[in-house]
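Below is one structure, written out as structure tokens, with a few remarks after it.
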Amino acid sequence: MNTTIMLFLVQDGITNGAIYALLGLALVLVFAVTRVILIPQGEFVTYGALTYASLAAGQMPGTAKLALALGIGAFAFDLFVARKALHARLVVRSLITNIVLPAIVLALTVYFASQKPPVAVCIALSLVIVAMIGLYLYRIAFQPLAHTSVLVLLIASVGVHLALQGLGLLFFGAEGQRGPAVLSGAFTAGALRFTGQSITVYAITIAFIVGLWLFFGLTLYGKALRATAVNRLGARLAGIRTTLSGQIAFLLASVIGALSGIMIVPITTLYYDSGFLIGLKGFVAAIIGGLVSYPLTAVAALVVGIVEAFSSFYASNYKEVIVFMLLIPVLLLRSLAAPAVEEEKD
Amino acid sequence: MTALLSVTDAHVAYGKVEAVRSVSLEVGTNEIVTIVGANGAGKTTLLSAIMGILPLKGRVAFAGQDLARLDIEDRVAMGLGLVPEHRELFVTMNVEDNLELGAFRIERSKAKASMERVYALFPRLKERRKQLAGTLSGGEQQMLAMGRALMGEPKLLMLDEPSLGLAPIIVADIFRIVTELRASGVSVLLVEQNAQAALKIADHAYVMELGEFVLSGKASDIAANERVAASYLGFQHEGESVI
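Taken in order, these protein sequences are the chains called A and B.
Just so you know, the first sequence maps onto residues 787 to 1132 in the numbering used here.
Just so you know, the second sequence maps onto residues 61 to 303 in the numbering used here.
Given below as structure tokens:
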């Protein structure tokens, strides 16, 4: 084989792998903190990407309305739970985060959508919209089930995924969309050509990983999240609310998903249902990392990206099959290495 | 004076099995109260229910406020702390992080002083502050669990079997620290199988059997009680029959 082609494939693989790494890390984070296997991670990707693309094309994205609708639902849940001991402070706080905030964002979206806003505004709005959707989804679909088994949470997760995918079709239609590049231009180094967009992907991925590392290592909230993942009861006894940790985890996951989408949509045409497969590849990486190890997940994601790039060159019809087949030896090895089946405690 | 913690007619059940039946107890300010009893008497269940980990039927009031609607986290914020039997440390995090998280509900400015106080109480923890909690010895883990609970500035600290599985010299250390806590204004509710040691430092004691309190009174009186002596202190008074 030709070295140039090989280098090109590796480069392509690393670009995709970087995205899978971010998604895989988000999956590990959410699972560790809330025990939810976040199937709708892929929908955060498409919602982020298509909201961004719609805004850039001067169209009004339906996701902004969805955020407000979910916010109203979350507010109703808050009121219902606290119905026997309603404090004014609690109501006001819930009203601001669940209704006032998405209403303001909706107003801004309507205002900007009509006048083809600059790229930075599109990115900011898309991120905020998807972040709110993630946060309210946790409140509505997962927080009430927080005490149940992993299986129940998984079923809820599948349900949320199906609902969001259907709504995606409603909001964005069956047509694929592309968004404008975050950074245009390109330069060549030897045989390789680096586009501004791929540089953006590398830079944002690295920045996010470093940022997460600092967040978990140095900040009190980051440590609280780790603590919840390590020992839920211990965290509660220290006064750390499980719901707070869950909210932060979902917020991070939805922002990571949306950001990944915004980074891919200038490179690949995305459809309302493209996110599922992309999220699933992040999931493959997360599984290889055992749903616990962040570094292993990141490395596995790069491997997934590279394997995908090579298989799409040599056997493009089987590219997805080959990528998902990676799981089988890993699962086999893991099941052989595991001394005994651990019963789920909670 | 109203008690700091007062539990009235508490029932705790696992499904249909009642593990705690009609229990009432009080802990005053600056007081060490101990609950002694055999394994399986329901002591741990009672503490868990007071903390809000298990549902409790009956009334629990802390600092004059009914706890019924409050989550574990709210109870912690009110000044009720529990060091559970299994310690529940953050084993993959270091000693300092464990302590820092203990002060999650406390103002940042106060947490620093809190940590100094905990280090003064447990100098061993200061030596090991960068070590992972999971690699500590059993005694050090117990100290860390107590330290973490103290970081939250509790008014009442509930200790569940702090001496379990520890070397006698460390047990003595831990009991000494419990009395120091009382001197510094923290009340303690101590659950122990090591009744002898617990009764020595406690002001008030309850004896629990099969989910019920069968005796209560001043700790010194309980320690002198023949039946308690025979069942829990491991010796019998000469020439006296048991019960």
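We put the beta carbon where it would ideally sit given N, CA and C, even for glycine.
No experiment lies behind these values; they were computed from the predicted model shown.
Tell me, please, whether the CB atom of residue i is closer than 9 Å to any CB atom in chain B?
i                  : result
LEU860 of chain A  : In the sequence under discussion, the amino acid at residue 860 of chain A is Ala, which differs from the Leu named in the question. Closer than 9 Å: no.
ILE1034 of chain A : no
ALA932 of chain A  : no
ASP1132 of chain A : With a pLDDT of 47 at ASP1132 of chain A, under the threshold of 50, the modelled position of that residue is not reliable, and no figure is offered here.
LEU998 of chain A  : no
ARG1022 of chain A : yes
ALA871 of chain A  : yes
LEU1019 of chain A : yes
GLY1025 of chain A : yes
For a quick check, are the C-beta atoms of residue i and residue j less than 9 Å apart?
i                  : j                  : result
LEU911 of chain A  : LEU894 of chain A  : yes
ALA193 of chain B  : VAL151 of chain B  : yes
TYR988 of chain A  : ALA804 of chain A  : yes
LEU1006 of chain A : LEU204 of chain B  : no
ALA843 of chain A  : VAL891 of chain A  : no
GLY1061 of chain A : GLY828 of chain A  : yes
LEU809 of chain A  : ALA1015 of chain A : no
LEU127 of chain B  : LEU140 of chain B  : yes
TYR833 of chain A  : GLY965 of chain A  : no
TYR292 of chain B  : ALA79 of chain B   : no
LEU259 of chain B  : VAL96 of chain B   : yes
LEU939 of chain A  : ARG821 of chain A  : yes
SER280 of chain B  : LEU85 of chain B   : no
LEU841 of chain A  : PRO847 of chain A  : yes
PRO1052 of chain A : ALA967 of chain A  : yes
On the CB-based measure, 16 or more other CB atoms within 10 Å of its CB, does residue i come out buried or exposed?
i                  : result
GLN125 of chain B  : exposed
MET1172 of chain A : Residue coverage of chain A in this structure runs from 787 to 1132, which leaves residue 1172 of chain A outside it and unanswerable.
PHE1069 of chain A : buried
PHE973 of chain A  : exposed
ARG869 of chain A  : exposed
ALA975 of chain A  : exposed
PHE866 of chain A  : exposed
LYS117 of chain B  : exposed
ARG879 of chain A  : exposed
ASP798 of chain A  : buried
ASP69 of chain B   : exposed
TYR897 of chain A  : exposed
LYS1067 of chain A : buried
LYS1131 of chain A : With a pLDDT of 48 at LYS1131 of chain A, under the threshold of 50, the predicted position of this residue should be treated as unreliable, though the coordinate-derived value follows. Exposed.
TYR922 of chain A  : buried
ILE303 of chain B  : Here ILE303 of chain B scores only 43 on pLDDT, less than 50, and its place in the model should not be relied on; the value that follows carries that caveat. Answer is exposed; the Cβ neighbour count stays below 16.
ARG129 of chain B  : exposed
For residue i, decide whether its Cβ has a neighbour in chain A, counting only Cβ atoms nearer than 9 Å.
i                 : result
LEU116 of chain B : no
MET111 of chain B : yes
ILE237 of chain B : no
GLY299 of chain B : Because the pLDDT at GLY299 of chain B is just 41, under 50, the model does not fix this residue reliably, and the value given afterwards should be weighed accordingly. No, because no Cβ of chain A sits closer than 9 Å to the Cβ of GLY299 of chain B.
ARG189 of chain B : no
LEU216 of chain B : no
VAL136 of chain B : yes
ILE95 of chain B  : no
Is residue i helix, strand or coil when you go by DSSP?
i                  : result
PHE1062 of chain A : helix
THR94 of chain B   : strand
PHE1002 of chain A : helix
VAL178 of chain B  : helix
PHE164 of chain B  : coil
SER197 of chain B  : coil
LEU865 of chain A  : helix
GLN202 of chain B  : helix
VAL71 of chain B   : The sequence given here places His at residue 71 of chain B; Val does not occur at that position. Strand at HIS71 of chain B.
THR849 of chain A  : helix
HIS947 of chain A  : helix
VAL80 of chain B   : strand
LYS117 of chain B  : strand
GLN256 of chain B  : helix
LEU224 of chain B  : coil
By Cβ distance below 6 Å, which residues in the same chain neighbour residue i in space, the five residues on each side in sequence not counted?
i                  : result
GLY207 of chain B  : LEU159, VAL178, PHE182 and LEU185
ALA171 of chain B  : ALA163
VAL1116 of chain A : ILE1074
ALA283 of chain B  : LEU259
LEU836 of chain A  : PHE958 and GLN963
By Cβ distance, which residues of its chain are closer than 7 Å to residue i, with the 5 residues on each side in sequence left out?
i                  : result
TYR924 of chain A  : GLY1032, GLN1033 and PHE1036
PHE980 of chain A  : ALA972 and PHE973
ILE261 of chain B  : ILE92, PHE235, VAL238 and THR239
LEU1077 of chain A : VAL814 and PHE817
ILE990 of chain A  : LEU1045 and MET1049
VAL87 of chain B   : ALA63, LEU64, LEU65, VAL93, LEU216, SER247 and LEU249
Can you list, in chain order, the residues of its chain with a C-beta nearer than 8 Å to that of residue i? Leave out the 5 residues immediately preceding and following it.
i                  : result
VAL1109 of chain A : LYS1067, VAL1070, VAL1090, VAL1093, GLU1094 and SER1097
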